[in-house]
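Please read the structure below before turning to the comments.
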Amino acid sequence: MSKKMTMQQIADHVGLSKFAVSKALSGKSGVSPDTREKIIQAATQLGYFSQKRNKLAASRPTVPTRRPSTDRDTIVVLLPNVREQNRQSTFWGRIIDGITEGLEINSLGMMIVTEHITDNFAKLINADAVLGLIGVGLISNQLLLEIRKLGIPFVLVDHEDSLIPSDVLFMNNYECVRKATNYLLGNGHNQLQFVGNVRHSRSFFDRWLGFRSLLEEQGFELLQENKLLEFEGINRSEMTEQLEPILRELKGAGRLPTAFVCANDSIAICMMTALMKLGVEVPGEVSICGFDNIEDASLFSPKLSTVHVNKEALGQRAVETLIWRISHPDAPKEKILLAGDFVPRESTASR
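Take the sequence shown: its letters are residues 1 to 351, numbered as in UniProt numbering.
As structure tokens, this is what we get:
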């Protein structure tokens, strides 16, 4: 039998104090991000997390891929940003609907937790009564560490952490954006730009990579305005305010592209709003496409061309993946990518 790995051994391995290791592995403040990353990597390599998970898994009953209707257990659904990620959201709300339906099919209960009240996550929930956890959207590294320390099986939707391996579910962002970009190229557009803060999420970054790679493969020069990859804004009003001066500068310099590929529909709608304020016709002068196919995409004028995301399917598949993971705790982690289709509408036109 292999010897148990301790925090002191990890401390000796990285040349730091046991106190620093304890803080890093518990997700507490007091260590720098670089030090935390160094400690987590060492703990993972030395098998510290695996032994904790195996010990906890041994005490938990395994479950089949479909729960009997009389057996109700609790799944925690973690929503980091309750202001944006709620049932009223046209994107996140549909994912929650899919999770709810998947849990009902498997006779499982749901407890929604927001990151605003997770300073004492371990005290908030009874880990022994929780079957698993589904994280929706961006979740902090510290909170994921706490969840992992509790030994709760978890699955992440639209987010992953390179330091804390887990099952994750995404749309196939890379290939979906390539479809949208290829559609524009096929309709005569030869000057394209991507719009979206590539640091916002892994999904945005993958969409940017898909856009860029297709242009390179097709032999088109990448003339990207970096400001369109860096702007901030937590709502449409703020994003429109940020985008308008960038677009005004491009228009004044005669550098407006023939089409913009946007990281999501809300950004695309903000782009159309800002362009219309500047007197630029969509799609007469510039075509716009988005991503997600939220309800507003077909209600805006002109109706937005976009990539359809089956949001309910993402939620349902997250439940299926979590139940499978509970039954197979030692199986390799999975990254599941769902396909999407490009939906052409009024905001794009041939050149």
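Beta carbons are placed, not taken as given, at the ideal position from N, Cα and C, and that holds for glycine.
Shortest Cα-Cα distance from S301 to any of K311, C289 and S17 involves C289. Under the criterion of beta carbons closer than 8 Å, A127 and L150 qualify as touching, at roughly 5 Å. Of all C-beta pairs linking the region 293 to 309 to the region 265 to 285, three or more are shorter than 8 Å, placing the two stretches in contact. By the criterion of at least three beta-carbon pairs nearer than 8 Å, the region 233 to 250 is not in contact with the region 210 to 222. Per DSSP, reduced to three states, the secondary structure at L163 is coil, with no helix or strand assignment. Measuring C-alpha to C-alpha distances from A43 to each of G30, A11, F19 and P33 identifies A11 as the nearest. Sorting W92, F91 and L131 by C-alpha distance to the C-alpha of M110 places L131 at the top.
Judged by beta-carbon spacing, Q193 lies within the 7 Å limit of P257, meaning their Cβ atoms are closer than that value.
By the 16-neighbour rule on beta-carbons within 10 angstroms, R199 is exposed. T74 sits in a strand when the DSSP states are folded into three classes. C289 has V261 and S305 as its beta-bridge partners, per DSSP. In the DSSP annotation of this structure, the continuous segment of the beta strand (DSSP E) that includes F342 starts and ends at D341 to V343. Per DSSP, reduced to three states, the secondary structure at M111 is strand. Shown here for D296: same chain residues with a beta carbon closer than 7 Å to its own, the five before and five after excluded, namely T90, D265 and I269 in chain order. Secondary structure of I134 (DSSP, three-state): strand. Burial state of R255 is exposed, judged by a 10 Å Cβ sphere holding fewer than 16 other Cβ atoms.
With a threshold of 16 other beta carbon atoms within 10 Å, I39 meets it and is buried. Note that the C-beta distance between I139 and L314 is not below 7 Å. Residue pairing of I139 in beta bridges, as defined by DSSP: absent, with no partner found. Only residues of its own chain outside the window of five on either side were considered, and among them R178, T181 and N182 have a CB closer than 7 Å to the CB of L214, listed in chain order. Note on geometry: alpha-carbon atoms of F204 and S347 lie some 21 Å from one another. For L25, the number of other beta carbons within 10 angstroms of its own is at least 16, and it is reported as buried.
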